[in-house]
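Presented below is the structure to which this report refers.
In the working numbering, the protein residues as written are 84 to 238.
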């Protein structure tokens, strides 16, 4: 049980770092597209980028989002196997649910662009959930080592 909780702690830390990378990839895609438009001559109305150029900027963000979902599902499996308790399991369940909602919002945003606002806001929810769980797990691990009884001394 303790080993699974340790694996969970490291996995949520890795997942939190992956969320940071995902947010950074979205920023890269936006600035990449802006640069490609800015490099063109002529009036702003005549500037366009191809879907291929757009996908080049956002390709990593798109693919990595699906990997994040798989990582979030694994987080829930680890929470269940590690018997983190009702609260820990519910928070761990919230992560893959939020990531699934994120994917659906991205799909909808392709045709209803205003939904993209919710995609950005939900990214903050995912960031907050994974950040909270990471901090909570490391605080709990430190508290467990502080309160653990000392090993008997050999003399």
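We put the CB at the ideal spot given by N, CA and C, even for glycine. The structure presented is a predicted model; accordingly, all values stated were derived computationally and were not measured.
Chain B within 8 Å of residue i, Cβ atoms only
i	result
residue 168	Chain labels in this structure do not include chain B; a single protein chain is all it has.
Neighbourhood of residue i by C-beta distance below 8 Å, restricted to the same chain and skipping five residues each side
i	result
residue 191	198
residue 188	198, 199, 201, 202, 205
residue 89	224
residue 215	174
residue 106	206, 210
residue 104	147
Host alpha helix (DSSP H) of residue i (start-end)
i	result
residue 197	Premise fails: residue 197 is in no alpha helix (DSSP H) and is neither H nor E.
residue 125	That residue, residue 125, is in no alpha helix (DSSP H); it is neither H nor E in DSSP.
Neighbourhood of residue i by C-beta distance below 7 Å, restricted to the same chain and skipping five residues each side
i	result
residue 112	140, 141, 144
residue 217	95, 96, 99
residue 166	84
residue 101	151, 154
Residues near residue i in its chain [Cβ-Cβ closer than 6 Å; skip 5 each side]
i	result
residue 155	178, 179, 182
residue 175	158, 159, 162
residue 125	none
Rounded Cβ spacing between residue i and residue j (contact assumed at less than 8 Å)
i	j	result
residue 209	residue 185	6 Å
residue 98	residue 213	5 Å
residue 171	residue 162	6 Å
residue 220	residue 115	In fact, because the Cβ distance is near 35 Å, the residues do not count as touching under 8 Å.
residue 108	residue 137	Not confirmed; about 14 Å, so no contact.
* Would you mind listing the alpha helix (DSSP H) stretches within the stretch 133 to 194 that are 4+ residues and don't spill past its ends, in chain order? => Here the runs fully enclosed are 134 to 164, 168 to 192.
* Asked: Taking the runs of the alpha helix (DSSP H) that are 4 residues or longer, which of them lie wholly in the stretch 208 to 232?
  -> DSSP runs (the alpha helix (DSSP H)) wholly in the stretch 208 to 232: none.
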